[in-house]
Amino acid sequence: MSRTATFDREEALEAAMRLFWQKGYHATSLKDLEATLSMRPGSIYAAFQSKEALFRATLDRYAVRMETELRTLIRSSPSPLAALQQHLRGLANLSAGDLPSTACMLVKSLLELPQAGELRIFVIGQLERIEAIIADALHRAVAAGELDPASDPDRLARRIQTYIFGLKIQAQRETDPQRMQDLCVDLAKELGNAKKP
Numbered sequence: 001m002s003r004t005a006t007f008d009r010e011e012a013l014e015a016a017m018r019l020f021w022q023k024g025y026h027a028t029s030l031k032d033l034e035a036t037l038s039m040r041p042g043s044i045y046a047a048f049q050s051k052e053a054l055f056r057a058t059l060d061r062y063a064v065r066m067e068t069e070l071r072t073l074i075r076s077s078p079s080p081l082a083a084l085q086q087h088l089r090g091l092a093n094l095s096a097g098d099l100p101s102t103a104c105m106l107v108k109s110l111l112e113l114p115q116a117g118e119l120r121i122f123v124i125g126q127l128e129r130i131e132a133i134i135a136d137a138l139h140r141a142v143a144a145g146e147l148d149p150a151s152d153p154d155r156l157a158r159r160i161q162t163y164i165f166g167l168k169i170q171a172q173r174e175t176d177p178q179r180m181q182d183l184c185v186d187l188a189k190e191l192g193n194a195k196k197p
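Given below as structure tokens:
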């Protein structure tokens, strides 16, 4: 019985995540959630306490998925720097397809939320966790001798994260796949320029 409830909860979180990702926090109404989750308001509140708590859970789900994909790519490559370049090049294949949006859910949420709200602080924390994964890979690249020791891995990590989010926004508006491909390749090459001479 509890297995079914867990599966249903996971299914509901996935559906809610896709809805919030597409519409944003404020534009998603309780009616939208009811329709998407096939749940009544009382059941939604019993399962998730509040719309804000549900949104927070979906943000965490999205961030964990991003972290897992990035960690897996980095761990599967003998070169942390090459893994990050591969990730940048891979964004050329990003298309909405079955996704609610190509834009990053965390960035979309950050732009929408009030400056001094708890949810905004939570989103910033999620973004910092992802940046830390990139920074860790770059520190390992320095230790492995593939990145110039004079480079600042933490600063470079912020730049790469900016590239990633920028590429996802570009994918949202770009209609020419070749232009998107060229941009991703250019940014991957730029990262390659940080290699140890």
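FYI, the UniProt record's numbering numbers position 116 of the sequence shown as 116, with every residue one higher than the one before it.
Glycine included, each C-beta is placed from N, C-alpha and C at the ideal position.
- Looking only at Lys23, Thr68, Lys51 and Ile74, the smallest Cα-Cα distance to Pro100 is reached by Lys23.
- The continuous alpha helix (DSSP H) containing Met17 extends over residues Ser2 to Lys23.
- Pairing Ile130 with Met66 gives a Cβ-Cβ distance under 8 angstroms.
- Judged by DSSP in its simplified three-state form, Leu147 adopts strand.
- At least 8 angstroms separates the beta-carbon of Pro78 from that of Leu138.
- Contact annotation: Leu167 and Ala194 have beta-carbon atoms that are not nearer than 8 angstroms.
- Fewer than three beta-carbon pairs drawn from the segment 138-149 and the segment 48-59 are found closer than 8 angstroms, and the two stretches are therefore not classed as touching.
- Judged by their CB atoms, Tyr62 and Leu19 are not nearer to each other than the 8 angstroms cut-off.
- Between Leu110 and the set Ala35, Tyr25, Glu11 and Val142, the nearest pair of CA atoms involves Tyr25.
- When the beta-carbon positions are compared, Thr58 and Leu13 come within less than 8 angstroms of each other.
- The beta carbon of Asp32 lies closer than 8 angstroms to those of Leu19 and Lys23 in the same chain, with the five residues before and after it left out.
- Ala15 and Asp148 have their C-alpha atoms spaced approximately 44 angstroms apart.
- Annotation: the continuous alpha helix (DSSP H) that includes Ala188 extends over Pro177 to Gly192.
- Only exposed fits Gln115, as fewer than 16 other CB atoms lie within 10 angstroms of its CB.
- The criterion of a C-beta distance shorter than 8 angstroms is satisfied by Ala171 and Leu91.
- Taking C-beta atoms as the reference points, Phe165 and Cys104 count as a pair closer than 8 angstroms.
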